[in-house]
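First the structure, in the form of structure tokens, and then the observations on it.
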Amino acid sequence: MRKKFGTLFLVITLTLLLCSAAAMDAYALSMADIGDGYLSDWEEYGKPETGLILFNEGTYILDPKYGLRDAQGKSILAPVYESIQYAAGKLIVSRFGRQTYNGPVSEYAIMDLQGNILYGFSESSIELVDQARGLFAIGPWEFGVGSKLQLYDSNLNLLIPNVFQEIEPRGEEYPNDYWLTTYDSNNVSRLGLYRYGVGMIFPCKYRSIYTLDQNLYGVRNDNNQWGVITEKSQQILPFAYYSIEDYQNGYFIVSQMCSERQRYGIVDSNNQIVIPIEYDSARFLDNGNARVGMKTGETVFSGVYINDWPLYDDVYAYTDIELEKPPFADVAISTYFCEPVQWAVDQNIAAGTSANLFSPNADCTQAQILTFLWRASGSPVPATENPFANIKNTDYYYNAVVWAYEQGILTDTTFQPDTPCTRSTTMLYLWKWSGAPMPTTACVFRDVVEEAPYCDAVAWAAESGISVGTGADRFEPEQICSRAQIITFLYRAMSV
440 MRKKFGTLFL
450 VITLTLLLCS
460 AAAMDAYALS
470 MADIGDGYLS
480 DWEEYGKPET
490 GLILFNEGTY
500 ILDPKYGLRD
510 AQGKSILAPV
520 YESIQYAAGK
530 LIVSRFGRQT
540 YNGPVSEYAI
550 MDLQGNILYG
560 FSESSIELVD
570 QARGLFAIGP
580 WEFGVGSKLQ
590 LYDSNLNLLI
600 PNVFQEIEPR
610 GEEYPNDYWL
620 TTYDSNNVSR
630 LGLYRYGVGM
640 IFPCKYRSIY
650 TLDQNLYGVR
660 NDNNQWGVIT
670 EKSQQILPFA
680 YYSIEDYQNG
690 YFIVSQMCSE
700 RQRYGIVDSN
710 NQIVIPIEYD
720 SARFLDNGNA
730 RVGMKTGETV
740 FSGVYINDWP
750 LYDDVYAYTD
760 IELEKPPFAD
770 VAISTYFCEP
780 VQWAVDQNIA
790 AGTSANLFSP
800 NADCTQAQIL
810 TFLWRASGSP
820 VPATENPFAN
830 IKNTDYYYNA
840 VVWAYEQGIL
850 TDTTFQPDTP
860 CTRSTTMLYL
870 WKWSGAPMPT
880 TACVFRDVVE
890 EAPYCDAVAW
900 AAESGISVGT
910 GADRFEPEQI
920 CSRAQIITFL
930 YRAMSV
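Position one of the sequence shown corresponds to residue 440 (the working numbering), numbered consecutively onward.
Here is the structure:
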């Protein structure tokens with residue numbers, strides 16, 4: 440009798456345990472959105488796109504094992520995995536592997552929707568970086584100072600080699616950008632920026648990076664000094680400031696430490712001081728001007744108590760200062776080329792390289808200078824047939840180059856549009872464009888020989904005030920011209 444009772448008790452206990460496990464499994468699936476992260480992840484991304492159902496077996500709280508089945512109940516993946524994630528038609532799965540002193544080591548793999556292994560199983564960790572795009576970061580499971588991750592796309596093409604240790608999206612406003620982080624032996628972080636479809640924008644070498652404006656970034660170096668760079672790493676402000684506080688319309692609010700107090704002022708993109716760095720506060724106003732303040736030494740109750748102690752705010756005396764708006768963030772009012780650039784933009788002769796940058800220091804190509812000359816002449820349609828085998832009518836400079844040949848500015852039909860324009864070539868083009876007037880004085884530059892084809896052009900440019908050379912009686916005819924220099928030469932030539 441006692442044996443029968445024991446058997447009955449055992450059957451009832453097992454039945455209750457099985458029911459409890461089944462109930463727990465049902466609970467896990469029905470409460471996926473607030474229970475396990477992988478369940479909610481699959482319900483949001485995987486199931487709507489694949490139609491596959493994620494399920495688990497085992498004790499949900501202690502040891503869940505996940506699998507996949509289709510709507511008819513057919514098993515796609517057996518329930519043996521710690522986690523299953525979906526991204527862009529691929530599955531990231533993990534399972535327990537070898538045992539260590541600290542417990543089992545997870546193994547990771549990437550599979551297609553049929554369960555075929557595309558990568559792994561490996562002890563290298565696989566981190567999902569971008570759900571929609573299917574970007575994966577793969578790296579060692581024992582993460583140390585020398586350990587680095589690699590970034591792959593959904594087709595397992597390598598996008599970034601092992602140069603970073605952390606990656607995260609830049610934000611909704613920049614859907615193609617990702618911040619990268621590395622750490623040195625002292626656990627000091629350095630940041631970089633990667634753009635999907637483009638490549639590395641900044642290597643991982645800055646202590647801090649933050650966005651000031653489109654294409655403008657405040658960056659901090661190893662000496663804890665701040666500067667400003669563009670996406671092409673052009674230095675706008677040197678590493679010379681305690682902080683870069685704000686940017687607006689070509690001006691930067693910067694600070695320096697003075698007698699252990701942080702002082703604020705404003706500089707332009709030419710690093711010229713517009714408002715001295717001596718104020719207790721500075722900010723930009725909505726009308727484009729600035730407001731600076733000095734503490735009066737008085738305080739006023741803030742209306743806030745901390746631990747029953749009243750908190751007081753400093754009283755400031757403010758001054759509003761008018762700021763003249765430059766044409767571009769990298770074209771400061773204080774630069775020699777600001778007025779020419781503004782003129783060229785107003786006359787539709789030149790445009791910026793982006794919404795807020797002109798790239799004045801970038802090399803100017805042969806195609807660009809001829810396009811500037813053509814636009815300055817009213818953008819006439821050439822009557823001559825195209826004599827250049829390498830120039831197509833779909834090229835932006837097509838009319839400009841054919842027009843230049845028609846006008847005698849170009850005489851060679853082997854024109855190379857992407858070749859950077861030198862100082863001698865620039866003067867030759869401007870001289871011919873102006874009607875090739877003969878200079879009244881001889882060329883005074885000792886590096887321009889009389890037999891040079893551009894000798895008269897350089898002499899004319901010097902006596903007309905278009906170019907006075909580079910100093911010490913030198914002209915440096917083979918020096919490449921920047922966009923700012925070309926526009927300035929053209930601006931001066933227009934008034935001759």
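In this text, a Cβ means the ideal position worked out from N, Cα and C, and glycines have one as well.
Every value quoted in this text rests on a predicted model; they were computed, and no experiment measured them.
Buried versus exposed call for residue i [16 or more other C-beta atoms within 10 Å across all chains shown]
{"i": "Arg-659", "result": "buried"}
{"i": "Tyr-477", "result": "buried"}
{"i": "Ser-708", "result": "buried"}
{"i": "Ala-461", "result": "Low local confidence applies: a pLDDT of 41 at Ala-461 is under 50, so the model's placement there is unreliable, with the coordinate-based value given in what follows. Exposed."}
{"i": "Arg-922", "result": "buried"}
{"i": "Val-731", "result": "buried"}
{"i": "Ile-451", "result": "Any reading at Ile-451 must be qualified, since the residue scores a pLDDT of 39, below 50, and its modelled position is unreliable; the value itself is stated next. Per the 10 Å Cβ criterion, exposed."}
{"i": "Gln-936", "result": "No information on residue 936 is available, as it lies outside the stretch 440 to 935 that the chain covers here."}
{"i": "Gly-445", "result": "Residue confidence for Gly-445 is low, a pLDDT of 42 falling below 50, so the modelled location carries little weight; the figure read from the coordinates is stated next. Exposed."}
{"i": "Ala-932", "result": "buried"}
{"i": "Asp-480", "result": "buried"}
{"i": "Ala-789", "result": "buried"}
{"i": "Gln-786", "result": "exposed"}
{"i": "Met-470", "result": "Since pLDDT at Met-470 reaches only 34, below the 50 mark, its modelled position is unreliable, and no value is offered."}
{"i": "Asp-895", "result": "buried"}
{"i": "Gln-604", "result": "buried"}
{"i": "Tyr-645", "result": "buried"}
{"i": "Arg-431", "result": "Because the chain is modelled from 440 through 935, residue 431 falls outside the range shown and cannot be assessed."}
{"i": "Ala-828", "result": "exposed"}
{"i": "Pro-916", "result": "buried"}
{"i": "Cys-697", "result": "exposed"}
{"i": "Ile-925", "result": "buried"}
{"i": "Trp-748", "result": "exposed"}
{"i": "Tyr-751", "result": "exposed"}
{"i": "Leu-632", "result": "buried"}
{"i": "Gly-636", "result": "exposed"}
{"i": "Lys-443", "result": "The predicted model places Lys-443 with a pLDDT of 40, which falls under 50 and marks its position as unreliable; any figure quoted below should be read in that light. Flag for Lys-443 reads exposed."}
{"i": "Gly-638", "result": "exposed"}
{"i": "Pro-876", "result": "exposed"}
{"i": "Val-780", "result": "buried"}
{"i": "Glu-737", "result": "exposed"}
Bridge partner(s) assigned by DSSP for residue i
{"i": "Ser-593", "result": "DSSP, once it has assigned bridges, lists no residue as partnering Ser-593."}
{"i": "Tyr-525", "result": "Leu-530"}
{"i": "Val-544", "result": "Answer by DSSP bridge pairing: none, since Val-544 is not bridged."}
{"i": "Gln-673", "result": "According to DSSP, which records beta bridges pairwise, Gln-673 is partnered with nothing at all."}
{"i": "Lys-504", "result": "Glu-496"}
{"i": "Cys-803", "result": "Note: Cys-803 sits in no beta bridge, so no partner."}
{"i": "Leu-567", "result": "Phe-575"}
{"i": "Tyr-680", "result": "Trp-665"}
{"i": "Met-696", "result": "Gln-701"}
{"i": "Ile-599", "result": "Leu-590"}
{"i": "Thr-850", "result": "None; Thr-850 has no bridge partner."}
{"i": "Ile-859", "result": "Looking at the sequence provided, one finds Pro at residue 859 rather than Ile. According to DSSP, which records beta bridges pairwise, Pro-859 is partnered with Thr-804."}
{"i": "Tyr-686", "result": "Phe-691"}
Of the listed residues the options, nearest to residue i (C-alpha basis)
{"i": "Leu-630", "options": "Ser-624, Thr-620, Tyr-868", "result": "Thr-620"}
{"i": "Thr-774", "options": "Val-706, Leu-574, Cys-882, Arg-609", "result": "Val-706"}
{"i": "Gly-610", "options": "Ile-599, Leu-588, Arg-634, Glu-566", "result": "Arg-634"}
{"i": "Ala-571", "options": "Ser-564, Ser-563, Asp-592", "result": "Asp-592"}
{"i": "Asn-594", "options": "Asp-616, Asp-551, Glu-612", "result": "Asp-551"}
{"i": "Tyr-649", "options": "Tyr-613, Leu-598, Ser-624", "result": "Tyr-613"}
{"i": "Ile-492", "options": "Glu-521, Cys-803, Ala-510", "result": "Ala-510"}
{"i": "Leu-655", "options": "Gly-542, Tyr-690, Asn-662", "result": "Tyr-690"}
{"i": "Asn-555", "options": "Tyr-622, Tyr-540, Leu-530", "result": "Leu-530"}
{"i": "Ala-802", "options": "Arg-862, Ser-818, Leu-724", "result": "The question names Ala, but residue 802 in the sequence shown is Asp. With distances taken between Cα atoms, Asp-802 lies closest to Arg-862."}
{"i": "Arg-700", "options": "Ala-839, Lys-734, Ala-517, Glu-902", "result": "Lys-734"}
Residue span of the beta strand (DSSP E) that contains residue i, given as start and end
{"i": "Lys-587", "result": "Segment: none, Lys-587 is in no beta strand (DSSP E) and carries neither H nor E."}
{"i": "Gly-607", "result": "One detail in the question is off: residue 607 reads as Glu in this sequence, not Gly. Note, Glu-607: beta strand (DSSP E), 605-608."}
{"i": "Asp-707", "result": "700-707"}
{"i": "Ile-716", "result": "712-718"}
{"i": "Ile-556", "result": "556-561"}
{"i": "Leu-724", "result": "Where Leu-724 is concerned, there is no enclosing beta strand (DSSP E), given that its DSSP letter is neither H nor E."}
{"i": "Ser-514", "result": "514-520"}
Continuous alpha helix (DSSP H) stretch holding residue i: start and end
{"i": "Met-866", "result": "862-872"}
{"i": "Asn-838", "result": "837-845"}
{"i": "Tyr-613", "result": "Tyr-613 -> no alpha helix (DSSP H), and no H or E assigned at all."}
{"i": "Pro-487", "result": "486-489"}
Distance cut-off 6 Å: residue i Cβ against heavy atoms of the ligand ADP
{"i": "Pro-487", "result": "Among the components of this structure there are no ligands whatsoever, and the ligand ADP is therefore not found."}
Contiguous beta strand (DSSP E) assignments of at least 3 residues, all confined to the segment 616-670: 616-622, 628-634, 638-645, 647-652, 655-659, 665-669
Residue ranges of each alpha helix (DSSP H) within the segment 727-800, 4 or longer: 777-785
Inside the segment 878-931 only - alpha helix (DSSP H) runs reaching at least 4 residues: 894-903
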